[in-house]
Amino acid sequence: MDPVIADSRPPYLVVDSPHELARWRPLAHWLLVIPHAVIASALRTVSQVVFVVYWVMFVVTGKLHPGLYGVMVMYERYDIRTVGYLVGVSEVYPPFDFDTGSDDDGAYPPVRLTLPPVPTEVPRRAAWNVLAAIPHYLVLCVFAVAAFAVAIAGWFAVLFTGRWPVGMRAFVVRVANYGYRVWTYVVMVDRTYPRFGLPTA
1 MDPVIADSRP
11 PYLVVDSPHE
21 LARWRPLAHW
31 LLVIPHAVIA
41 SALRTVSQVV
51 FVVYWVMFVV
61 TGKLHPGLYG
71 VMVMYERYDI
81 RTVGYLVGVS
91 EVYPPFDFDT
101 GSDDDGAYPP
111 VRLTLPPVPT
121 EVPRRAAWNV
131 LAAIPHYLVL
141 CVFAVAAFAV
151 AIAGWFAVLF
161 TGRWPVGMRA
171 FVVRVANYGY
181 RVWTYVVMVD
191 RTYPRFGLPT
201 A
């Protein structure tokens, strides 16, 4: 059994769509998602560069830059919508939406990602979060491999049965939420050190 950690906070990622899909969709989605995959790949590179600038600016000024944070949020939301469509959690085609707000704008109801806003005060020691989270990176690597395998199995389940297994999809979502707990800590918008293990949602 995978470890499940109780957390009173609402999940950052919410997947709200029927588990039933047309059997042909897994095959079609791999082609239809290509434009989004290309954009998401470009945004990933931009987001990585932006994070370095964001971190250095914080070290120098002691302030988080909301605009740079918004760019990173935009990438995270765009990417998870793309991945969600790719693995078949929804039949709805995701929009080409580049909103940078921390609150999900509702442009893609099946997959919603709401992240914390930039806090007004952040202690300078938070710059070390990127190193303090190293143990979580290692744990996440293990969970990510498992989630990838489950996502592939779920893709085949839809292909042959027309339905995403409930438990399998829930596991993938919980792994993603664990990743976002760590991500919000690393980018210093959440000062609470993440718990190890999967959240309940």
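Going by the working numbering, the residue at position 54 of the sequence shown is 54; the numbering climbs one at a time, nothing skipped.
Ideal Cβ positions, reconstructed from N, Cα and C, are used throughout, including at glycine.
Nothing here was measured: the structure is a model prediction, and the numbers come from that model.
Strand pairing of residue i, partner residues [DSSP]
i, result
"V14", "R112"
"E76", "BP columns for E76 are empty, so no partner."
"E121", "For E121, which the question treats as bridged, DSSP gives no partner whatsoever."
"R163", "E20"
Residue i beta carbon near the ligand MN (any heavy atom closer than 7 Å)
i, result
"A28", "Summarising the ligand content, the structure contains no ligands, and the ligand MN is consequently not present."
Residue i, buried or exposed, once every other Cβ within 10 Å from all chains shown has been counted against 16
i, result
"P3", "Low per-residue confidence applies at P3: pLDDT is 44, beneath 50, and the placement is therefore not dependable, though the value from the model is reported in the following sentence. Looking at its Cβ environment, which holds fewer than 16 other Cβ atoms inside 10 Å, P3 is exposed."
"I80", "buried"
"T82", "buried"
"A176", "buried"
"W128", "exposed"
Among the options, the one whose alpha carbon lies nearest that of residue i
i, options, result
"V118", "G84, Y137, L68, I134", "L68"
"C141", "V49, F58, D97, Y178", "Y178"
"A28", "V158, F196, D190, A176", "V158"
"Y193", "V73, V33, V150, P135", "P135"
"T114", "A144, M74, T120", "M74"
"A147", "L198, M188, P116", "L198"
"G84", "M72, M188, R112", "R112"
For residue i, three-class secondary structure by DSSP
i, result
"R191", "coil"
"R23", "coil"
"Y178", "helix"
"P94", "coil"
"S47", "helix"
"T82", "helix"
"V53", "helix"
"L64", "coil"
"S102", "coil"
- Query: Are three or more beta carbon pairs between the segment 43-56 and the segment 7-25 nearer than 8 Å?
  - Reply: no
- Task: Mind the definition here: the segment 77-96 touches the segment 56-69 only if three or more C-beta pairs lie below 8 Å; say whether that holds.
- Result: No, the segment 77-96 is not in contact with the segment 56-69.
- Message: Across the segment 152-170 and the segment 96-105, are there enough close Cβ pairs to call them in contact, namely three or more that are closer than 8 Å?
- Response: Output reads no: the segment 96-105 does not touch the segment 152-170.
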